[in-house]
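Heads up, the thing below is written out as structure tokens.
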Amino acid sequence: MAQDFLLHLKIVYLQIRLLYMRKNPLMALAGLLVFIASLSCNTTYQSQSLQYKSYRITDTISKNTAALSLLQPYSDNVNKKMNEVVGIAEISLEKKQPECTLGNFLSDAFLVMAQEKYNTRADVALINFGGMRLTQLPKGEVTNGKIFELMPFDNLLILQKVRGDILQQFLDLIAAKGGWPVAGMTMQIKDKKAINVMIGGKPLDPKATYTIVNSDFIANGGDNADMLRPIPQITNGYLMRDAIFDYIKKLKNQGKNITANIENRVTNAQ
Amino acid sequence: MLSRKKFIRQAAMSAGAIMAGPALTQTADYFSPLKLTILHTNDTHSRLEPFPMDGGRNQGLGGIAGRMQLINQIRSEEEHVLVFDAGDIFQGTPYFNIYKGEPEIKAMSAMQYDACTIGNHDFDAGMENLATQLTNHAKFPMLVCNYDFTGTPMEFKTQPYKVYRKGKLKIGVFGVSIEGKGLIPDNLFGATKYLDPIQKANEVADKLRKQEDCDMIICLSHLGHQYKDNKVSDEVLAKESENIDLIIGGHTHTFLDNPVKYTNKKGDDVIINQVGWAGIILGRLDFEFSKFSGKKLTKNHSITVSQKSGG
Chain A
1 MAQDFLLHLK IVYLQIRLLY MRKNPLMALA GLLVFIASLS CNTTYQSQSL
51 QYKSYRITDT ISKNTAALSL LQPYSDNVNK KMNEVVGIAE ISLEKKQPEC
101 TLGNFLSDAF LVMAQEKYNT RADVALINFG GMRLTQLPKG EVTNGKIFEL
151 MPFDNLLILQ KVRGDILQQF LDLIAAKGGW PVAGMTMQIK DKKAINVMIG
201 GKPLDPKATY TIVNSDFIAN GGDNADMLRP IPQITNGYLM RDAIFDYIKK
251 LKNQGKNITA NIENRVTNAQ
Chain B
1001 MLSRKKFIRQ AAMSAGAIMA GPALTQTADY FSPLKLTILH TNDTHSRLEP
1051 FPMDGGRNQG LGGIAGRMQL INQIRSEEEH VLVFDAGDIF QGTPYFNIYK
1101 GEPEIKAMSA MQYDACTIGN HDFDAGMENL ATQLTNHAKF PMLVCNYDFT
1151 GTPMEFKTQP YKVYRKGKLK IGVFGVSIEG KGLIPDNLFG ATKYLDPIQK
1201 ANEVADKLRK QEDCDMIICL SHLGHQYKDN KVSDEVLAKE SENIDLIIGG
1251 HTHTFLDNPV KYTNKKGDDV IINQVGWAGI ILGRLDFEFS KFSGKKLTKN
1301 HSITVSQKSG G
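Sequences listed follow chains A and B, in order.
Numbered per my numbering, the first sequence spans residues 1 to 270.
Numbered per my numbering, the second sequence spans residues 1001 to 1311.
What follows is the structure in structure tokens.
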């Protein structure tokens, strides 16, 4: 600032000399203004206006070649990995309500893997119907990429200890929504309520505490499961998708493929 | 032959012209406003390639190749450009599952990002991994003022703020992020201490204004735009702040049609912007500055906001 001030002083001195010579009064005047502005040492800049614009990154924007070559070694490998076969589906597994083969396979996977990863016993596993993002897992080779399509979200597989009466409320919600995949239990749907609920072969006890395997999405109140929100979540960051991969691997080690049956886990009461 | 008097007069005039040159430039500097262009993204979520052409509503959108082309073009057109990201760089495509964020951070360095803040998903492959990716591949700082990483692998890997000089402008930038509890699994958040974002943000902004003498203060926030309950958000922060001029937001994946203006505790304008997620949109904010005497600063700082035409 001091340097600026000296510079301005020098300029103004020359401007005044020019003015004195009556050669360039306008320039001198400009110099004087500069001088006055520089007098206050404590100057600051303040934003006065803002113009905004949102650029949509569409394919009409040409691709930067440096970015493409940075990405290429990674994308080659990612595409290769996504095409890797992780297992064989013996049948086409379907997504349907109130019960389906795809849902039974997945809920079994979650019940088994949660107990293994949390090293604890669990009673039931439940999946929100909308959480399955494929309508069908086709018969034949199942690739890594297919499992990503089935479960693209990074939802966590978590545990909750739920009192029987709260679980009943949750099952009523599931009934009202037409039935979701379950493992470890059976139920019937009547007038949008869950009836004849059997857990581990015994009728649901409103006062008992059950350990349920759930997604963090539902446990956080997703799909209107507000009754589960206050219940603490036991979590170690295990992804639901990783549970599917681990379960397929586990089956493979036992010499088994991907398959499931309709077992009347969830039915509409007549 | 020139008379002696005429010669002196001519010599003086030439000297005057030489000296008047810089004087005029200086004068022009005083009266033509200074410009600063800010480009920003948030919640890019490992979306390195455009969304696949699968009939989805975002198909073909995003990707670093298009974004980098655009950033480079704007940099070539504007003198003073800053590029920021508001966190959640990680998680969302198989790239992250396989490479744990390496190509994401490399790409941001190649795009010459100036800073980012930390999002909850940036913890997803562990703090040790995040620290490694930043150390090995980031040419920009990760800013956060309300996480205390003492005793964790992230200790010394972030800084609360950074001051950028752009021509005559001093721009103070700091980061603030969301409460980990209930959002980041305990085993990933580790011994990280979450500090009150409003209190810390005001502390840092005050320091940037008074000690660092910044002309503009920008907050990179991963708090989220707004909530139905009174959970801390960018909106709450803006109203409770004193020295923040601009909040570049993230976390809630909010596509704002235009930057939103709030009034802070002192009656000054605070601007908030957020551009959805996945790098579908690159936000651009062109600010124009005027020079003021420190003592004569208008009591309530207000700013006019309009849509940029063309370009």
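For every residue, glycine included, the Cβ atom is placed at its ideal position computed from N, Cα and C.
Everything numeric in this text was worked out from a predicted model, so none of it was measured.
Subject >> Residues within the segment 1049 to 1073 of chain B neighbouring chain A, beta-carbon criterion of under 8 Å >> reply: GLU1049, PRO1050, GLY1060, LEU1061, GLY1062, GLY1063, ILE1064, ALA1065, GLY1066, ARG1067, MET1068, GLN1069, LEU1070, ASN1072
Subject >> Option nearest A:VAL162 by Cα separation, candidates A:GLU263, A:PRO98, A:LYS207, A:LEU239 >> reply: A:LYS207
Original post:
Excluding sequence positions up to five away, which residues of its chain have a Cβ less than 6 Å from the Cβ of B:ILE1303?
Top reply: ASP1269
**OP:** Just the C-alpha distance for B:ASN1273 and B:TYR1227, rounded to the nearest angstrom, thanks.
**Re:** 16 Å
**OP:** Please state if the CB of A:LEU111 and the CB of A:LEU239 are separated by a distance shorter than 8 Å.
**Re:** no
Original post:
Span of the beta strand (DSSP E) holding B:HIS1222?
Top reply: 1216 to 1222
Original post:
In the structure shown, what three-state DSSP assignment does B:PHE1174 receive?
Top reply: strand
Subject >> For A:SER107, the three-state DSSP class (helix, strand or coil) >> reply: helix
Original post:
Counting contacts by CB-CB distance shorter than 8 Å, is A:ALA225 in contact with chain B?
Top reply: no
Original post:
Is there contact between the segment 174 to 192 of chain A and the segment 245 to 255 of chain A, where contact requires at least three CB pairs shorter than 8 Å?
Top reply: no
Subject >> Sequence-distant residues of the same chain with beta carbon closer than 8 Å to B:ALA1278, five excluded per side >> reply: ASP1043, THR1044, HIS1045, ARG1047, PHE1051, ASN1058, LEU1061, GLY1062, GLY1092
Original post:
According to DSSP, is A:SER40 helix, strand or coil?
Top reply: At A:SER40 the pLDDT is 45, less than 50, meaning the model places this residue with poor confidence; the figure from the coordinates comes in the next sentence. The answer is coil: DSSP assigns A:SER40 none of H, G, I, E or B.
Original post:
Using 8 Å as the Cβ pair cut-off and three pairs as the minimum, do the segment 98 to 113 of chain A and the segment 223 to 232 of chain A touch?
Top reply: no
Subject >> Nearest-angstrom beta carbon gap, B:PHE1174 and B:GLY1180 [assumed within contact, 8 Å] >> reply: Actually they do not touch by this definition, with Cβ atoms about 19 Å apart.
Original post:
For B:LYS1200, does the count of other Cβ atoms within 10 angstroms reach 16, so buried, or fall short, so exposed?
Top reply: buried
**OP:** Taking only the alpha-carbon atoms, compute the straight-line gap between A:ILE61 and A:PRO73 and give it to the nearest angstrom.
**Re:** 23 Å
Subject >> C-alpha gap between B:ASP1122 and B:ALA1191, whole angstroms >> reply: 16 Å
Original post:
Hey, is B:ALA1110's beta-carbon within less than 8 Å of any beta-carbon in chain A?
Top reply: yes
Original post:
Listed in chain order, which residues of the segment 48 to 67 of chain A have Cβ atoms closer than 7 Å to some Cβ of chain B?
Top reply: GLN48, SER49, LEU50, GLN51, TYR52, LYS53, SER54, TYR55, ARG56, ILE57, THR58, ASP59, ILE61, SER62, LYS63, ASN64, ALA66, ALA67
Subject >> Euclidean distance between Cα positions of B:VAL1144 and B:MET1111 >> reply: 21 Å
**OP:** Give the straight-line distance between the Cα atoms of B:ILE1184 and B:ASN1120, rounded to the nearest whole angstrom.
**Re:** 6 Å
Original post:
Is the beta carbon of A:LYS177 sitting closer than 8 Å to the one on A:PHE129?
Top reply: yes
Original post:
Apart from the five residues on each side of it in sequence, which residues of its chain come closer than 8 Å, Cβ to Cβ, to A:ILE262?
Top reply: GLU99, CYS100, THR101, ASN104
Original post:
To which residues of the same chain is B:ARG1284 closer than 6 Å at the C-beta, ignoring the five residues directly before and after it?
Top reply: LEU1039
Original post:
Per DSSP, which one or two residues make a beta bridge with A:ARG56?
Top reply: B:ILE1281
Subject >> alpha helix (DSSP H) segments (min. 4 residues) lying fully within the segment 1191 to 1258 of chain B >> reply: 1197 to 1210, 1234 to 1240
**OP:** Run the CB neighbour count on A:ASN224, radius 10 Å, all protein chains shown included, and call it buried at 16 or more, exposed below.
**Re:** exposed
**OP:** Within its chain, find whatever has a CB closer than 8 Å to the CB of B:LYS1157; leave out the 5 residues flanking it on each side and keep chain order.
**Re:** LEU1130, ALA1131, LEU1134, THR1135, MET1142, PHE1149
Original post:
Just the Cα atoms here: how many angstroms apart are B:ASN1300 and B:SER1221?
Top reply: 24 Å
Subject >> Cβ-based contacts, 7 Å cut-off: residues of the segment 120 to 136 of chain A near chain B >> reply: none
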